[in-house]
Amino acid sequence: MKKILFTCFLGGLCFVGSEFTCWSQVADSPLGIGNAFADSHHPGRERSFAPPFSGKAILYGELINPDSLGPLKMQISPFKKVLGDALPDSVLEIQTTHGTFFDGVLDPRVRKFRVVLPEFTEYAYVSLMLGDRPILDEFLVFPGDSAMLGLDLQKFTTVFAGPEGDWMETQYLVQRAIKQHQFETPRVIIERDREGFLDKDDYREQYQAAYQNFGAQLEIQNFGKDDIEAAFRQLAIPKEEIPGIDILFQRKHLLSNSRIKLLEQEILGSFYAKTLSHLRRYGYQIGKAQHNQFVVQRIESEIPGILESLEPLFSDQEFSGPGSGGLLLAMEWAKMKAALNNTDFSRLVLNETEGRLQDQMLYVYALENVNRVEDPIAFLEGIQSHIRKETYRGHLEGIASRLEPGIKIKMASLYTLEDESISIRDLEGKATLLYFYFSTCSHSAKFFHTVLKPIMESGLSNQEFNLVAISVDNNPELWKEQLSTYSSPDIPNYRLPSKEWRAWLDYYLISGYPRTMLLDSDGKLLSIWVSGRTEESFKASLQELVPIYPTTLSTPSIQEP
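The numbering used here puts the sequence shown at residues 15 to 575.
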């Protein structure tokens, strides 16, 4: 999450610091009938205009919070979190007040608030947070919406009212139905050898004993077989049986056609995209690497027809573009199709999509991959050249500008093993290779011991540059206990807690681990990411950035991340 003074979102959603305001007014009750939505299908709630929607959305709430677990915040984003942490969002803190006798808020336990959102042209995803805990998670809000929220955390009840009360209630019930399905469905783990796993110790006995008890169930699937069969069964489920869709259809008479279409797309798109992703990554890509011809041939035979049947879910757009569910499905559709056709994702998107959807897909693709490529600036420039909408181009240009070599590293405070604090700029004086990781990340442990540690032990790092390990652990004890597994006590070790420094990590696109960053002797950026997953390929990347190694060193081709 980022507190941003000026952010232009997808869908024309712009937040300017001076307008990004939340009011909590004592004597001001929520908006009445005159501010209702035109096609809510309730007499007396009509407006004088029809979509496209306009006006500022208003959310009025009453909260009973007996435990005071943290400040009340509202997070507003153009997309759901599932599409990536690098997508922009904004957070505002909400000031609550007690009611008065004359505003009808008579319960002394109740705190009230009234949030006026800035104007935007399509829709946004709104979450209400108590500290870091979501009370309402990613609800779609349209321009001009007004709704009342009743939140009693003592009795664990949530109710909605007002002109868009039915819209908010429908989303709440859909989310609940999806969670209910997840709760009652067996939890799944995937093992390469199911029977071999159960033969360990007394696992089989424990598994069979648990199966006899009423309650949660565990399903153990064989990797590359059971999980693939399960994925194809998921794709064959009729849309009427997908969790949450029945709730939407039961409440269709309460909603406008455009809202029904968007929420249907959210439900179906998210459902199918998750299954397509599993088939692509663990069925097709790993299947080809492991020469699992049965799985590969089945995917190549059956998936093209499935992709064709799914395309209308995101390409038939009610108004100017799909929501996150539709976009998520569009991304997975294109990734699978590109894999099957052995072509580049961006080329496929340019050839087979158009307009707003094309811009959105390229934009999200850029944010997904900018921290995985050798030359992020050239990569972003290449994507920008195909994007028409200035909002998206401007955001990508902003990312590219902060990744330019030669810019001083932003200030951040690092914790030492003695729990003292130093500035990251105190590392100046020699070129510095920063290695970011978190404890319990097996990829980080392997990368350090097979790539970085040999370089360190060769003495080259001490001669030409400093190797510094930075853990993003929030737990200092875990960091210290596991230090030798993921780093070495022979090099400088610091901690940059992700909870405190999330904005800094997001600024440099550090979300996947392990990550490396190279600074020059003045603390200026040389590269936000040094590529290579073997000792030799990593050395070759370093050689291109700083003159550390002899020119006679053989330079293998740089591997894709």
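Note that beta-carbon positions come from the ideal geometry of N, C-alpha and C, so glycine has one too.
Cβ separation of residue 457 and residue 528, assumed to be a contact under 8 Å, to the nearest whole Å: With 8 Å as the limit, residue 457 and residue 528 qualify as a contact, their Cβ atoms being about 6 Å apart.
- prompt: Going by beta carbon distance, what residues of the same chain come within less than 8 Å of residue 369, once the five residues before and after it are set aside?
  reply: The beta carbon of residue 369 lies closer than 8 Å to none in the same chain, with the five residues before and after it left out.
message: I need the DSSP call for residue 114, collapsed to helix, strand or coil.
response: Coil at residue 114, not helix or strand.
- request: Check whether the stretch 69 to 80 touches the stretch 148 to 160, counting contact only when three or more Cβ pairs, one atom from each stretch, lie closer than 8 Å.
  value: Short answer: they touch.
task: Select from 350, 136, 419 the residue whose C-alpha is nearest the C-alpha of residue 291.
output: When each option's Cα is compared against that of residue 291, the closest is 350.
query: Quick check: the stretch 194 to 201 against the stretch 223 to 235, are there 3 or more CB pairs under 8 Å?
result: The stretch 194 to 201 vs the stretch 223 to 235: in contact.
task: Whole angstroms is fine: what's the gap from residue 172's alpha carbon to residue 137's?
output: Each residue's CA atom was taken as its position, placing residue 172 and residue 137 some 23 Å apart.
- request: To the nearest angstrom, report how far apart residue 560 and residue 537 are at their CA atoms.
  value: Computed Cα separation, rounded: 14 Å.
- request: Work out the CA separation of residue 133 and residue 69 for me, nearest whole Å.
  value: Distance between the alpha carbons of residue 69 and residue 133 is about 6 Å.
- prompt: Is the beta carbon of residue 390 less than 9 Å from the beta carbon of residue 542?
  reply: At the C-beta level, residue 390 and residue 542 come within 9 Å of one another.
- request: Would you mind sorting residue 326 into buried or exposed? The rule is 16 or more other CB atoms within 10 Å of its CB.
  value: So residue 326 ends up on the exposed side.
query: For residue 557, does the three-state DSSP call read helix, strand or coil?
result: Here residue 557 sits in helix by DSSP.
Boundaries of the beta strand (DSSP E) in which residue 205 is found, first to last residue: Residue 205 -> beta strand (DSSP E) spans 201 to 205.
query: In whole angstroms, what is the alpha-carbon distance linking residue 484 and residue 515?
result: Answer to the nearest angstrom: the Cα atoms are 12 Å apart.
field: C-beta atoms of residue 241 and residue 297 nearer than 9 Å
entry: Yes, the pair counts as a contact, with Cβ atoms nearer than the cut-off.
- prompt: Residue range of the beta strand (DSSP E) that residue 164 falls in?
  reply: Unbroken beta strand (DSSP E) run through residue 164: 160 to 166.
message: Can you look up residue 53 in the DSSP assignment and give me helix, strand or coil?
response: Confidence is the limiting factor: at residue 53 the pLDDT is only 35, short of 50, which leaves the residue's position unreliable, though a coordinate-based value still follows. Coil at residue 53, not helix or strand.
Status (buried if at least 16 other CB within 10 Å, exposed otherwise) for residue 225: When all chains shown are included, residue 225 counts as exposed.
- request: Work out the CA separation of residue 497 and residue 281 for me, nearest whole Å.
  value: Rounded to whole angstroms, the separation of the alpha carbons of residue 497 and residue 281 is 43 Å.
Cβ pair count under 8 Å reaching 3, the stretch 102 to 122 against the stretch 185 to 196: Verdict: no, contact absent.
- prompt: Does the count of Cβ pairs from the stretch 503 to 513 and the stretch 428 to 436 closer than 8 Å reach three?
  reply: Verdict: yes, contact present.
query: Do the CB positions of residue 212 and residue 81 come within less than 9 Å of each other?
result: No, Cβ-Cβ distance for residue 212 and residue 81 is not below 9 Å.
- prompt: With 16 other CB atoms within 10 Å as the buried threshold, where does residue 308 fall?
  reply: Burial call: exposed.
message: Using a Cβ-Cβ cutoff of less than 6 Å, which residues in the same chain neighbour residue 480 once the five nearest sequence positions on both sides are dropped?
response: Here residue 480 has 444, 446 as same chain residues with Cβ atoms under 6 Å from its own Cβ, once five neighbours each way along the sequence are excluded.
field: Simplified DSSP state of residue 418, which is helix, strand or coil
entry: Of the three classes helix, strand and coil, the one that applies to residue 418 here is coil, per DSSP.
- prompt: Nearest-angstrom Cα distance between residue 406 and residue 519?
  reply: The C-alpha of residue 519 is placed about 21 Å away from the C-alpha of residue 406.
field: Cβ-based burial, residue 114 [other Cβ within 10 Å; buried from 16]
entry: Exposure of residue 114 is indicated by the presence of fewer than 16 other C-beta atoms within 10 angstroms of its C-beta.
message: Quick check on the DSSP output: the alpha helix (DSSP H) that includes residue 260 runs from which residue to which?
response: Per DSSP, residue 260 belongs to the alpha helix (DSSP H) from 259 to 264.
- request: Mark residue 365 as exposed unless 16 or more other C-beta atoms lie within 10 angstroms of its C-beta, in which case mark it buried.
  value: With a 10 Å radius around the Cβ and a threshold of 16 neighbouring Cβ atoms, residue 365 comes out exposed.
query: To the nearest angstrom, how far is it from the Cα of residue 427 to the Cα of residue 219?
result: Those two C-alpha atoms are separated by around 50 Å.
task: State the Cα-Cα distance for the pair residue 289 and residue 245, rounded to the nearest angstrom.
output: Distance between the alpha carbons of residue 289 and residue 245: 6 Å.
query: Applying the criterion that 16 or more other CB atoms from any shown protein chain within 10 Å of the CB defines a buried residue, is residue 252 buried or exposed?
result: Taking every protein chain shown into account, the CB of residue 252 has fewer than 16 other CB atoms within 10 angstroms, so this residue is exposed.
query: Which first and last residues belong to the alpha helix (DSSP H) in which residue 375 is found?
result: Residues 369 to 383.
field: C-beta atoms of residue 283 and residue 336 nearer than 9 Å
entry: Cβ atoms of residue 283 and residue 336: closer than 9 Å.
query: Which term fits residue 152, buried or exposed, when burial requires 16 or more other beta carbons within 10 angstroms of its beta carbon?
result: So residue 152 counts as buried.
Residue environment, residue 385, which counts as buried when at least 16 other CB atoms sit within 10 Å: Of the other Cβ atoms in all chains shown, 16 or more fall within 10 Å of the Cβ of residue 385; this residue is therefore buried.
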